[in-house]
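The opening residue of the sequence shown carries number -17 in the numbering used here; numbering runs sequentially from there. Think of the CB as a built atom: it goes at the ideal place given N, C-alpha and C, for glycine as much as any other residue. Note that the structure is predicted; figures quoted are calculated from it, not measured. Notes to accompany the following structure.
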Amino acid sequence: MLCKYCKLEFPNFINYYLVLQMLKTTSLLTRRFLLSSQNARQIGTAAELARQRRSLEGRVAVVTASTDGIGFAMAQRLAVDGAHVVISSRNQKNVDEALAKLKSEGLSVSGMVCHAGVKEDRTRLIEKTAAEFGGFDILISNAGVNPGGVKRLLNCTEEIWDKIFDVNVKSSFFLAKEALPYMEKRGKASIIFNSTILAYTPNCGVDFMGAYALSKTTLLGLTKLMALELGPRGVRVNCICPGLIETRFGAAITQNERSKQIMQLNCPLQRNGRPEEMAGLASFLASDDSSYITGENIVAAGGLQSSQDVRQIGTAAELARQRRSLEGRVAVVTASTDGIGFAMAQRLAVDGAHVVISSRNQKNVDEALAKLKSEGLSVSGMVCHAGVKEDRTRLIEKTAAEFGGFDILISNAAVNPDSGRLMKCTEDVWDKIFDVNVKSSFFLAKEALPHMEKRGKASIIFISSIGGYLPNCAVEFMGAYGLSKTAVLGLTKLMAMELGPRGVRVNCICPGLIETRFGDVITNDKRTPRIMRDNCPLQRNGRPEEMAGLAAFLASDDSSYITGSNIVAAGGLQSGF
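Structure (structure tokens):
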């Protein structure tokens, strides 16, 4: 029989039962499973977390242009994570070869010919999949063409323009539109478009991709608009913007001498990306860990404006061994005894890391440690007021001395001593807010750097807020707090540029309105329901565990080509492009 957990064959039920009982008595089973956040209750034990692991088990995915390159890697990864994946290509031979490879790895896949630019092909792909599986949950629109080749925009003919926009933009929209009735009824629908870094930085592609880059810019707007319309219907829409990726399609850029100069001068990670690095992001956006993320265009470009030591992979077994896990890593999370910080610490520990928690209050540390240890998690903790230099130094040095360094730093501490309009802020309040919310984040990261970069897979995560993008949402509530969170956005970009060449990634999470004690001043305000109704496509507040899933992703190898990104998790509240 086939074990649904490890996918291994057992000769009979007795052997299967004995092995399963052995696994259940160890913490390894807990560590194997990842937290799922969609419709999750507030969680209390590691066993519950294990049952709510991130998995695409039982879901059906459609991925266009998925027999090669990024599309193939995405299809492969979704299937490894438990989904049945329907692949497609314009060429039957390509479909057959890709299916043979994926099936040889024991993956659940099917496929058919589909030219994304042909209406009849799109309809057949959608209707046949819906008829066979009763609908589907995930749609990745990956098809893209550039018939003009390496040309400037003004050299584009009308014929080439039409072909590019028909396939790259029009087909993405109508594919999603036609799929919608079959997706929304499933309850956890996720649509993912694929754009490119060139949508943000056309100067990188002016001599290369012309109208192709422009078409990909259009997808950024399509993502935002569809997310607004589909959020209330339970469908999330996001977009991946890859950088320079080593694929056959991308060879025109990645093999260009100018591209090599661009990477050297502008890319903090100073290398091209790999298809499997985009696949990790796609899996995250398809999963429940991203359940409060919609309408976001997420750049995965090695720090170009907007994995550590991962080999090119060939089999599902290799993919499974390289699946996201924080086993053997050490994480420091400030302000982590309650709310978002606690949920993040809990999730990192469930994913295998040893987590050092901290708070200004010893009683809070003791209570949080007792709870986490009762769940069988590897944690320690100490008092640390992030605004006090000596406390920060002690936190860093004690952790480094005990573990020989650490891999993950989440700077979550923040204060808002006076809720009110910005212009009513006194100098004392201003100083306290900026000392804790901005200055402490910078100096904590600076002091941690020598102990992190030597470990090889360092990830620094700052916590900002949707208020950092939308001060009008916070003008009556948070005053200088919102402004301090805007400062963290810039800090993320600048530190990523400086630390990328040193092997340290820096990203930022921008939560929306989250149900926490700290956030009660907003979530309980009588104006909040109107704001959510009028502006938030998902039309609800977020939960701490939904932020924790994003933190675990950014700490993992699945985000190994993402740095310098401020990622909004706000239910679709608009942050701009």
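- request: Might you give, ordered along the chain, the residues of its own chain that have their beta carbon closer than 8 Å to the beta carbon of G387, omitting 5 neighbours on each side?
  value: In the sequence shown, counting from the first residue as 1, residue 387 sits at position 405. Closer than 8 Å at the Cβ level, and outside the excluded window around G387, lie V312, H433, M434, K436 and R437.
- request: Using the Cα positions of T7 and D119, report the straight-line distance between them to the nearest angstrom.
  value: Looking up residue 7 in the sequence shown gives position 25. Looking up residue 119 in the sequence shown gives position 137. Caution is warranted here: a pLDDT of 33 is assigned to T7, below 50, making its placement in the model unreliable, and no coordinate value can be reported.
Discussion item. Assuming S340 is part of the beta strand (DSSP E), what are its boundary residues?
Written reply: Position 358 of the sequence shown holds residue 340. S340 -> beta strand (DSSP E) spans H336 to S341.
Quiz prompt | Own chain, CB closer than 6 Å to R305, minus 5 neighbours either side, in chain order | solution = On the sequence shown, position 323 is the one that residue 305 refers to. Bear in mind that a pLDDT of 42 at R305, under 50, signals an unreliable position, so the number given afterwards is only what the model happens to contain. Cβ neighbours of R305 beyond the five flanking positions: none.
* Going straight from the alpha carbon of S318 to that of I52, what length do you get? -> Here residue 318 refers to the residue found at position 336 of the sequence shown. Here residue 52 refers to the residue found at position 70 of the sequence shown. Roughly 37 Å between the two C-alpha positions.
**OP:** Would you identify the three-state DSSP class for S269, choosing helix, strand or coil?
**Re:** Mapped onto the sequence shown, residue 269 falls at position 287. Three-state DSSP puts S269 in coil, outside helix and strand.
- Message: So, for V488: in the same chain, excluding its five sequence neighbours on each side, which residues have a beta-carbon less than 7 Å away from its beta-carbon?
- Response: In the sequence shown, residue 488 corresponds to position 506, counting from 1. Same-chain partners within the cutoff: I442, T474, M477, A478, L481, T545 and G546.
Other residues of its chain near R499: CB distance less than 7 Å, five sequence neighbours each side excluded = In the sequence shown, counting from the first residue as 1, residue 499 sits at position 517. Counting only Cβ-Cβ distances below 7 Å, and skipping sequence neighbours, we find D320 and G321.
| message | What would DSSP say about I275, mapped onto helix, strand or coil? | response | The residue labelled residue 275 in the question sits at position 293 within the sequence shown. Note: I275 maps to coil in three-state DSSP.
Return the CA-CA distance between V418 and C492, expressed in angstroms with no decimal places.
As a position in the sequence shown, residue 418 is number 436, starting the count at 1. As a position in the sequence shown, residue 492 is number 510, starting the count at 1. The alpha-carbon atoms of V418 and C492 are separated by roughly 17 Å.
**Prompt:** Going by beta carbon distance, what residues of the same chain come within less than 7 Å of A193, once the five residues before and after it are set aside?
**Reply:** In the sequence shown, counting from the first residue as 1, residue 193 sits at position 211. Here the set comprises G130, L135, C138, I142, W143 and I146.
Next item on the list: Grab the span of the beta strand (DSSP E) containing M364 for me, first residue to last.
Entry: Position 382 of the sequence shown holds residue 364. Per DSSP, M364 is one residue of the beta strand (DSSP E) stretching across V361 to V365.
**Prompt:** Beta-carbon separation of L157 and L121 under 8 Å?
**Reply:** Within the sequence shown, the letter at position 175 stands for residue 157. Within the sequence shown, the letter at position 139 stands for residue 121. Yes, these two residues count as a Cβ contact at 8 Å.
Check: By a C-beta neighbour count over all protein chains shown, 10 Å radius and 16 as the cutoff for buried, is Y(-13) buried or exposed?
Finding: Your numbering for residue -13 matches position 5 in the sequence shown. Summary for Y(-13): the model assigns pLDDT 42, below 50, so the residue's position carries little reliability; its value from the coordinates is reported in the next sentence. Answer is exposed; the Cβ neighbour count stays below 16.
Practice problem: Express the C-alpha separation of T375 and E166 in angstroms, rounding to a whole number. | Solution: Mapped onto the sequence shown, residue 166 falls at position 184. Mapped onto the sequence shown, residue 375 falls at position 393. Distance between the alpha carbons of E166 and T375: 50 Å.
| In the structure shown, what three-state DSSP assignment does L391 receive? | Here residue 391 refers to the residue found at position 409 when the sequence shown is read from its first residue. In the three-state scheme derived from DSSP, where H, G and I count as helix and E and B as strand, L391 is classed as strand.
- Query: To the nearest whole angstrom, what separates the beta carbons of I280 and N220, a pair I think is in contact under 8 Å?
  - Reply: As a position in the sequence shown, residue 280 is number 298, starting the count at 1. As a position in the sequence shown, residue 220 is number 238, starting the count at 1. That pair is a contact at about 7 Å.
For F444, which residues in the same chain have their Cβ closer than 6 Å to its Cβ, ignoring the five residues on either side in sequence?
Indexing the sequence shown from 1 puts residue 444 at position 462. Within the same chain, F444 has close Cβ partners S393, S423, V470, T474 and C490.
To the nearest whole angstrom, what separates the beta carbons of I69 and V62, a pair I think is in contact under 8 Å? Locating residue 69 in the sequence shown gives position 87, where the first residue counts as 1. Locating residue 62 in the sequence shown gives position 80, where the first residue counts as 1. That pair is no contact at about 14 Å.
- Task: Might you give, ordered along the chain, the residues of its own chain that have their beta carbon closer than 7 Å to the beta carbon of A302, omitting 5 neighbours on each side?
- Result: As a working mapping, residue 302 is identified with position 320 in the sequence shown. Low local confidence applies: a pLDDT of 40 at A302 is under 50, so the model's placement there is unreliable, with the coordinate-based value given in what follows. Within the same chain, A302 has close Cβ partners V62.
Taking 8 Å as the threshold (C-beta atoms), are L495 and N517 in contact?
Here residue 517 refers to the residue found at position 535 of the sequence shown. Here residue 495 refers to the residue found at position 513 of the sequence shown. Taking C-beta atoms as the reference points, N517 and L495 fail to come closer than 8 Å.
Problem set entry | Element boundaries [alpha helix (DSSP H), containing V77] | Position 95 of the sequence shown holds residue 77. Q74 to S86 is the extent of the alpha helix (DSSP H) around V77.
Simplified DSSP assignment, three categories, for L555:
Position 573 of the sequence shown, counted from the start, is the residue given in the question as residue 555. Looking at L555 - three-state DSSP - the assignment turns out to be coil, as it is neither helix nor strand.
Please classify V100: does DSSP put it in a helix, a strand, or coil? As a working note, residue 100 is residue 118 in the sequence shown. Of the three classes helix, strand and coil, the one that applies to V100 here is coil, per DSSP.
Q. Given a threshold of 16 other Cβ atoms within 10 Å of its Cβ, counted over all protein chains shown, does L207 qualify as buried or as exposed?
A. The sequence position of residue 207 within the sequence shown is 225, counting from 1. Note on L207: under 16 other CB atoms within 10 angstroms of its CB, so exposed under the neighbour-count rule.
### Query
My guess is that A282 and I222 are in contact by the Cβ rule of under 8 Å, so how many angstroms apart are they, rounded?
As a first step, residue 282 is located in the sequence shown; it is residue number 300 there, counting from the start. As a first step, residue 222 is located in the sequence shown; it is residue number 240 there, counting from the start. With a Cβ gap of about 6 Å, A282 and I222 count as contacting.
Exercise. In three-state DSSP terms, what is V62?
Worked result: Sequence index remark: in the sequence shown, residue 62 carries index 80 (1-based). Here DSSP, grouped into helix, strand and coil, assigns V62 to helix.
Rounded to the nearest angstrom, how far is the Cβ of N150 from that of K198, given a contact under 8 Å?
The residue given as residue 150 occupies position 168 in the sequence shown. The residue given as residue 198 occupies position 216 in the sequence shown. The C-beta distance from N150 to K198 rounds to 7 Å, short enough to meet the 8 Å contact threshold.
With distance defined between alpha-carbon atoms, name the residue in I339, E372, V370 and L377 nearest to S360. Counting from one through the sequence shown, the residue named residue 360 turns up at place 378. Measuring from the Cα of S360, the nearest candidate turns out to be I339.
Which word fits G554, buried or exposed, when buried means at least 16 other C-beta atoms lie within 10 angstroms of its C-beta?
Within the sequence shown, numbered from 1, the residue matching residue 554 stands at position 572. Under this definition G554 is a buried residue.
Item to complete: May I ask you to report which of helix, strand or coil DSSP gives G321?
Response: Along the sequence shown, read from residue 1 onward, the residue named residue 321 stands at position 339. It is helical.
Checklist line | Ordered list of alpha helix (DSSP H) runs contained in the stretch 196 to 224, each at least 4 residues | finding: Secondary structure in the stretch 196 to 224: no alpha helix (DSSP H) run of 4 residues or longer lies completely within the stretch.
Review point. Hey, how far is the Cα of N506 from the Cα of E497?
Key: As a working mapping, residue 506 is identified with position 524 in the sequence shown. As a working mapping, residue 497 is identified with position 515 in the sequence shown. Rounded to whole angstroms, the separation of the alpha carbons of E497 and N506 is 9 Å.
Task: Separation of V127 from M405, as counted between CA atoms - done: As a working note, residue 405 is residue 423 in the sequence shown. As a working note, residue 127 is residue 145 in the sequence shown. So the two alpha carbons sit approximately 51 Å from each other.
**Prompt:** A261 to L60, Cα distance in whole Å?
**Reply:** For the purposes of this step, residue 261 is identified with residue 279 of the sequence shown, where counting begins at 1. For the purposes of this step, residue 60 is identified with residue 78 of the sequence shown, where counting begins at 1. Between the alpha carbons of A261 and L60 lies a gap of roughly 8 Å.
- Is it right to say D413 is buried, meaning 16 or more other beta carbons lie within 10 angstroms of its own, or is it exposed? Taking the first residue of the sequence shown as 1, we reach residue 413 at position 431. D413 sits exposed, since fewer than 16 C-beta atoms from the chains shown fall within 10 Å of its C-beta.
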